[in-house]
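Heads up: the sequence shown begins at 509 in this note's numbering, then just goes up one per residue. Built from N, CA and C at the ideal position, the CB exists for glycine as well. For reference, the structure discussed in these notes is given below.
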Amino acid sequence: MMVSTKGRYALTVMVDLARQEGDGFVSLADIADRENLSMKYLESIISILNKGGMLQSLRGKNGGYKLARKPEEYNISEILLLTEGTLAPVNCIMQDGVQCEKAATCSTLPLWAGLDKVIENYLSDITLEDIIIGNRKKMLGDYCGTCGSEN
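As structure tokens, then:
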């Protein structure tokens with residue numbers, strides 16, 4: 509699984525908006541400046557997030573975007589699935605089930621299916637709120653062994 513720039517930027521936008529929660533609508537230009545991202549690319553990402561019901565938008569002088577829900581109500585999986593389409597680690601494992609004619613005899617399919625479940629469970633358990641507050645313990649969890657022990 510490789511998360512594309514689109515997925516990473518979408519998550520960056522959502523985290524930025526979550527940090528601005530309570531400040532009303534936030535302009536795309538402000539997000540682009542704060543996050544040092546291309547305005548043109550952000551426009552396409554905002555469109556996806558807005559059409560996907562993740563955001564509220566307001567046109568006009570004081571317009572912009574804000575989260576449609578509270579940060580703790582968004583999990584990272586739903587944001588990435590919206591922008592990436594799939595989080596499957598291999599092409600033969602898709603959200604609509606196994607897409608391979610060799611599935612019945614494939615000895616590695618259970619490995620990929622298990623990895624897919626781990627990815628989905630992990631990303632579904634992390635919220636925008638967890639990222640904002642820096643919940644390293646939750647984000648690293650049991651997946652990292654000792655890599656979080658320095659903090």
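Under the three-state reduction of DSSP, residue 562 is assigned to coil, being neither helix nor strand.
In terms of Cβ geometry, residue 591 and residue 515 form a close pair [threshold 8 Å]. Membership of residue 517 in the alpha helix (DSSP H) is indicated by the continuous run 513–527. For residue 537, the CB contacts under 8 Å within the same chain, skipping 5 residues up- and downstream, are 547 in chain order. When the alpha-carbon of residue 509 is set against those of 638, 585, 521, the nearest one is in 585.
Within its own chain, the residues whose Cβ lies closer than 8 Å to the Cβ of residue 540, once the five positions on either side in sequence are excluded, are 546, 547, 550, listed in chain order.
The segment 519–535 makes contact with the segment 559–577: 3 or more CB pairs, one atom from each, lie closer than 8 Å. Taking residue 558 as reference, the option from 570, 525, 543 with the minimal CA-CA separation is 525.
Between residue 627 and residue 597 the beta-carbon gap is near 7 Å, inside 8 Å, which marks them as a contact. Judged by DSSP in its simplified three-state form, residue 616 adopts coil rather than helix or strand. When secondary structure is reduced to three states using DSSP, residue 509 falls in the coil class, being assigned neither helix nor strand.
Judged by DSSP in its simplified three-state form, residue 554 adopts helix.
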